[in-house]
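Colleague:
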Amino acid sequence: MDERMEAIKNLMAGASKAALVIPASPTEEEFLLEEILREALEKTGKKVYVSKGDTEKYKNNWRDFIKSPVSQFPEKIYIRFPGKIEFEGISQTNEALLTFAPDAPMPLENIQIQKGLAVPDALIAFVENKDALSSRNLEITLPEESKMIFLGSKTRTLSEKIFDLVKLISPEVAGSKSTMLYGALAIETKQFSKNLSAGVFGLAKTLLEAGAKPDSISGRLNKTENLSAGEIQLLGRALARSMDDQALKIFWTFLAATDFEKTHIGSSEEKIISLQQRIAKYSPKDCVMLILWENSDRKVFGLAAGEGERLILLANSLGAALKNNNLFFGPYENFSSAEKALRDIFKGKSQAEISRNLSGNSLSAFEIKTGEANTHKPTDLI
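If you read the sequence shown in our numbering, its first letter stands for residue 1, the second for the next number, and so on.
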């Protein structure tokens with residue numbers, strides 16, 4: 001066991017209260033893996049808090065695999081005083097009596113009493129870093145960062161990471177949930193057609209040897225994706241602002257910040273990848289897919305997806321890293337500069353030419369189509 005896994009094992013062994021934080025709109029595999037991890041934690045007697053998320057669309061599909069929570073996460077009473085006090089002691093008979101020495105008169109109406117959830121001893125988050133937690137409306141107070149475990153990195157599949165965690169926490173759950181784990185792995189890899197590695201096939205073999213029954217869940221894996229109203233609207237907006245550029249073999253999609261605002265769908269990397277996978281059903285197979293979108297500060301970012309040398313060319317030109325045939329890049333000041341730079345790369349222009357052209361004022365295909373010229377200056381990505 002490596003040093004990091006040993007540290008995680010020690011952290012989880014010493015925790016009586018654990019928190020699981022999933023994205024607000026989790027994928028189906030994230031929902032399944034969170035449920036497996038929750039059961040493993042509860043199996044060892046831990047109290048578990050699970051962040052709220054849009055999971056109802058998955059629960060019915062997997063209801064006979066999911067166990068109800070066995071514990072209530074502990075609550076605390078918080079008493080806040082308006083001034084400096086000296087705590088003298090506490091006595092308890094049939095009620096608690098707190099004794100304080102305030103430095104000034106303290107009217108009862110100035111004392112605030114609030115009920116909240118206890119601080120967890122350990123937190124496992126299905127995101128890449130602490131900054132990504134800031135967008136979640138959590139009911140708990142975050143523990144110190146040394147007690148947080150982040151699972152969002154794309155170095156391995158989430159299914160592999162959760163399997164390793166569950167083995168550390170409760171090995172018997174890893175075996176008993178082999179079919180559910182296999183289902184999560186199959187969904188995450190698109191029926192073993194994406195994100196493939198030796199680790200993926202190794203985990204599939206391990207789960208099958210542990211008794212996973214793929215035939216018993218095949219109907220669940222083939223179900224049509226259940227989209228929310230906002231996701232359907234965003235997909236419609238994306239397709240309406242897409243164009244097939246046969247000359248450069250690029251399938252362009254443009255999304256303004258208002259598209260995300262009006263559909264109440266975020267523009268996180270996970271959301272953009274999910275949207276790209278839906279749009280891919282309507283794009284030519286031999287094209288590089290390019291999605292350009294504005295964040296809330298009207299700063300333009302991009303995702304390129306596809307396979308082959310042209311995607312590698314783009315990655316090298318932009319100095320960005322490919323992850324599972326996905327390439328995130330940006331920011332750009334507006335759609336015009338982003339589209340111009342990308343076209344120049346695919347046309348084989350030099351970096352010097354591209355830099356000169358970025359100062360031009362030509363409108364992008366998005367702006368020509370919608371009449372929305374972006375005049376905002378770039379600011380930091382939130």
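For glycine and all other residues, C-beta sits at the position ideal for the given N, C-alpha and C.
For Ala-13, name the three-state secondary structure that DSSP assigns.
Modeller: In the sequence shown, the residue the question calls residue 13 occupies position 13. In this structure, Ala-13 counts as helix in the three-state DSSP scheme.
Colleague: Cβ of Lys-115 within 9 Å of Cβ of Ile-77?
Modeller: Position 115 of the sequence shown, counting from 1, holds the residue named residue 115. Position 77 of the sequence shown, counting from 1, holds the residue named residue 77. Contact flag set, yes.
Colleague: Counting beta carbon pairs with one atom in the region 270 to 289 and one in the region 153 to 161, are three or more of them shorter than 8 Å?
Modeller: With a cut-off of 8 Å, the region 270 to 289 and the region 153 to 161 do not count as touching, because too few Cβ pairs lie within range.
Colleague: Identify the residues that DSSP records as bridge partners of Ile-169: which are they?
Modeller: Position 169 of the sequence shown, counted from the first residue, corresponds to residue 169. In DSSP, Ile-169 forms no bridge with anything.
Colleague: By how many angstroms is the C-alpha of Leu-207 removed from the C-alpha of Phe-346?
Modeller: Along the sequence shown, one-based indexing puts residue 346 at 346. Along the sequence shown, one-based indexing puts residue 207 at 207. Rounded to the nearest angstrom, the two C-alpha atoms are 44 Å apart.
Colleague: Write down every uninterrupted run of the beta strand (DSSP E) in the region 66 to 120 whose length is 3 residues or greater and which is fully enclosed by it, in chain order.
Modeller: Qualifying beta strand (DSSP E) stretches, in chain order: 75 to 80, 85 to 92, 96 to 102, 112 to 117.
Colleague: Let me know if Lys-17 comes out buried or exposed under the rule of 16 or more other beta-carbons within 10 Å of its beta-carbon.
Modeller: Here the question's residue 17 lines up with position 17 in the sequence shown. With 16 or more other Cβ atoms within 10 Å, it is buried.
Colleague: Of all the options Ser-176, Ile-149, Ala-304, which has the alpha carbon lying nearest to the alpha carbon of Arg-4?
Modeller: The count along the sequence shown starts at 1 and reaches residue 4 at position 4. Nearest C-alpha to Arg-4: Ile-149.
Colleague: My output table needs one value for Pro-214: the three-state DSSP class, helix, strand or coil.
Modeller: Counted from its first residue, the sequence shown places residue 214 at position 214. It is helical.
Colleague: Going by the beta-carbon positions, is the gap between Ile-111 and Phe-81 smaller than 9 Å?
Modeller: Position 111 of the sequence shown, counted from the first residue, corresponds to residue 111. Position 81 of the sequence shown, counted from the first residue, corresponds to residue 81. Going by C-beta atoms, Ile-111 is nearer than 9 Å to Phe-81.
Colleague: Excluding sequence positions up to five away, which residues of its chain have a Cβ less than 6 Å from the Cβ of Ser-178?
Modeller: The count along the sequence shown starts at 1 and reaches residue 178 at position 178. Only Leu-207, Ala-210, Gly-211, Ala-212 meet the Cβ criterion.
Colleague: Closest by CA to Tyr-49, which one among Ala-280, Gln-191, Pro-143?
Modeller: Along the sequence shown, one-based indexing puts residue 49 at 49. The option with the nearest alpha carbon to Tyr-49 is Pro-143.
Colleague: Ala-321 by DSSP, collapsed to three states: which one?
Modeller: To locate residue 321, count along the sequence shown from 1; it is residue 321. Ala-321: coil per DSSP, three-state reduction.
Colleague: Flag Glu-333 as yes when its Cβ comes closer than 8 Å to any non-hydrogen atom of the ligand NAD, and as no otherwise.
Modeller: Summarising the ligand content, the structure contains no ligands, and the ligand NAD is consequently not present.
Colleague: Are at least three pairs of beta-carbons, each pair with one atom in the region 126 to 136 and one in the region 55 to 70, less than 8 Å apart?
Modeller: Because the criterion of three Cβ pairs below 8 Å is not met, the region 126 to 136 and the region 55 to 70 do not touch.
Colleague: Starting from the C-beta of Ile-85, find all residues in its chain whose C-beta is less than 6 Å away, skip the five residues before and the five after it, and write them out in chain order.
Modeller: In the sequence shown, the residue the question calls residue 85 occupies position 85. So the qualifying residues of the chain are Phe-100, Pro-102.
Colleague: Here's the rule: buried if 16 or more other CB atoms are within 10 angstroms of the residue's CB, otherwise exposed. What is Glu-75?
Modeller: Along the sequence shown, one-based indexing puts residue 75 at 75. Classification of Glu-75: exposed, given that the 10 Å Cβ count is below 16.
Colleague: Whole angstroms are fine: how far does the CA of Glu-28 sit from the CA of Leu-358?
Modeller: In the sequence shown, the residue the question calls residue 358 occupies position 358. In the sequence shown, the residue the question calls residue 28 occupies position 28. Low per-residue confidence applies at Leu-358: pLDDT is 42, beneath 50, and the placement is therefore not dependable enough to give any value.
Colleague: Which value, in whole angstroms, describes the spacing of the CA atoms of Ile-66 and Thr-263?
Modeller: The residue labelled residue 66 in the question sits at position 66 within the sequence shown. The residue labelled residue 263 in the question sits at position 263 within the sequence shown. Straight-line Cα distance between these residues: approximately 31 Å.
Colleague: In whole angstroms, give me the CA-to-CA distance for Ala-174 and Pro-107.
Modeller: Indexing the sequence shown from 1 puts residue 174 at position 174. Indexing the sequence shown from 1 puts residue 107 at position 107. Ala-174 and Pro-107: Cα-Cα distance of roughly 55 Å.
Colleague: Whole angstroms is fine: what's the gap from Lys-47's alpha carbon to Ser-71's?
Modeller: As a working note, residue 47 is residue 47 in the sequence shown. As a working note, residue 71 is residue 71 in the sequence shown. Roughly 6 Å separates the two Cα atoms.
Colleague: From Leu-248 to Gly-306, what distance separates their C-alpha atoms?
Modeller: Position 248 of the sequence shown, counting from 1, holds the residue named residue 248. Position 306 of the sequence shown, counting from 1, holds the residue named residue 306. Spanning the two alpha carbons is a distance of roughly 14 Å.
Colleague: Per DSSP, which residues does Ser-242 bridge with? Please list them.
Modeller: The residue you call residue 242 lines up with position 242 of the sequence shown. In the DSSP output, where bridge partners are listed per residue, Ser-242 has Thr-253.
Colleague: What does DSSP give as the partner residue(s) for Asn-326 in the beta ladder?
Modeller: Within the sequence shown, the letter at position 326 stands for residue 326. For Asn-326, which the question treats as bridged, DSSP gives the partners Ala-305, Lys-323.
Colleague: According to DSSP, is Val-127 helix, strand or coil?
Modeller: Working through the sequence shown from its first residue, we reach residue 127 at position 127. Coil, per DSSP.
Colleague: Can you look up Lys-59 in the DSSP assignment and give me helix, strand or coil?
Modeller: Counted from its first residue, the sequence shown places residue 59 at position 59. Lys-59 falls in the helix class under three-state DSSP.
Colleague: Report the CB separation of Leu-327 from Leu-314 in whole angstroms; it is logged as a contact under 8 Å.
Modeller: Here residue 327 refers to the residue found at position 327 of the sequence shown. Here residue 314 refers to the residue found at position 314 of the sequence shown. That pair is a contact at about 6 Å.
Colleague: Determine the burial state of Gln-246: buried for a count of at least 16 other Cβ atoms within 10 Å of its Cβ, exposed for fewer.
Modeller: Counting from 1 along the sequence shown, the entry for residue 246 is found at position 246. So Gln-246 ends up on the exposed side.
Colleague: When DSSP labels each residue in this structure, what does Ala-24 get in the three-state scheme?
Modeller: Counting from one through the sequence shown, the residue named residue 24 turns up at place 24. The answer is coil: DSSP assigns Ala-24 none of H, G, I, E or B.
Colleague: Less than 9 Å separating the beta-carbons of Leu-151 and Ala-40?
Modeller: Within the sequence shown, residue 151 is the residue found at index 151, counting from 1. Within the sequence shown, residue 40 is the residue found at index 40, counting from 1. No, they are not a contact pair.
Colleague: So for Ala-19, helix, strand or coil by DSSP?
Modeller: Sequence index remark: in the sequence shown, residue 19 carries index 19 (1-based). Strand at Ala-19.
Colleague: Within its chain, find whatever has a CB closer than 8 Å to the CB of Lys-167; leave out the 5 residues flanking it on each side and keep chain order.
Modeller: Working through the sequence shown from its first residue, we reach residue 167 at position 167. Counting only Cβ-Cβ distances below 8 Å, and skipping sequence neighbours, we find Ala-174.
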